[in-house]
């Protein structure tokens, strides 16, 4: 990302402030009076953040994104160091849950997955340094600010993270149609890493060869696949369901 970036939308900006991120300036549309805007204004006052109230036309000059009347400049996202993050997670008192994204390329899918990961208690997201979706303004917006509430680690290759996690006693499960095993056949009560693949090709063959388990979502209709962010949500919520028993 660049030296600074913009985030759009009232909820995303609120999440960033609450997560302690460094906000440079906030531009708010004049005349907004909904409850969420009032909550944001309260946080702006409490944190002493610079704010300008501008007409809607000015916001569209700043960005053509769906800004919902609020734009903020923010310091770049800081990526977490993988091994230190994994070590801290594994030392915790609950079964670890990691999410590995193997060549996922769509930034909006990335943002949606981040939001779901935070909601389902994922401890860290691992992405490759190259070949995957970058963290962009759209990623931040689609995550609705959830990106500020979860460690995101970059590794040279997804295989590197896979080997490390397996060596630390974590079972690695790949979401793939190339198996007869259902998502509901596996036990997720132990430390688990879920691997999701790209939108078009799924998990890469080299990674599939190395995982401990493969699982798919059963389909009852005439279409045989889901959007990757929806599929990821289904997998993560099955893990949550089992762990809440």
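Residue numbers (my numbering): -5 to 239.
For every residue, glycine included, the Cβ atom is placed at its ideal position computed from N, Cα and C.
Note: residue 149 is bridge-paired with 122 in the DSSP secondary-structure output. Shortest Cα-Cα distance from residue 64 to any of 47, 72, 42, 71 involves 47. Check the Cα spacing between residue 236 and each of 179, 14, 156: the tightest is with 179.
Contact holds between the segment 118 to 125 and the segment 136 to 155, because three or more Cβ pairs, one in each stretch, are under 8 Å apart. The distance from the Cβ of residue 105 to that of residue 67 is about 19 Å, inconsistent with a contact at the 8 Å cut-off. In the three-state DSSP reduction, residue 65 falls in the strand class (E or B). In this structure, residue 132 lies near residue 102, with their beta-carbon atoms less than 8 Å apart. Residue nearest to residue 213 within the set 171, 230, 96, 183 is 171 (criterion: CA-CA distance). In the DSSP annotation of this structure, the continuous segment of the beta strand (DSSP E) that includes residue 46 starts and ends at 45 to 48. If only complete runs of 3 or more residues are kept, the segment 83 to 114 shows the beta strand (DSSP E) at 91 to 95, in order along the chain. Note that the C-beta distance between residue 145 and residue 74 is below 8 Å. Straight through space, the alpha carbons of residue 227 and residue 184 are spaced by roughly 19 Å. Rounded to the nearest whole angstrom, the C-alpha separation of residue 80 and residue 91 is 10 Å. Taking every protein chain shown into account, the CB of residue 13 has fewer than 16 other CB atoms within 10 angstroms, so this residue is exposed. In the displayed model, residue 173 falls within coil according to three-state DSSP, outside both helix and strand. The segment -1 to 61 is shown to contain whole alpha helix (DSSP H) runs of 4 or more residues at 4 to 12, 29 to 41, 50 to 56, in chain order. The shortest CA-to-CA distance from residue 142 to any of 60, 239, 72 is the one to 72. Excluding sequence positions up to five before and after residue 209, its CB lies within less than 8 Å of the CB of 167, 168, 169, 170, 173, 175, 176, 177, 179, 180, 229, all in the same chain and listed in chain order.
A residue is called buried when at least 16 other Cβ atoms come within 10 angstroms of its Cβ; residue 27 does not meet this threshold and is exposed. The C-alpha of residue 186 lies about 8 Å from the C-alpha of residue 89.
Here residue 156 carries a helix assignment [DSSP, helix/strand/coil].
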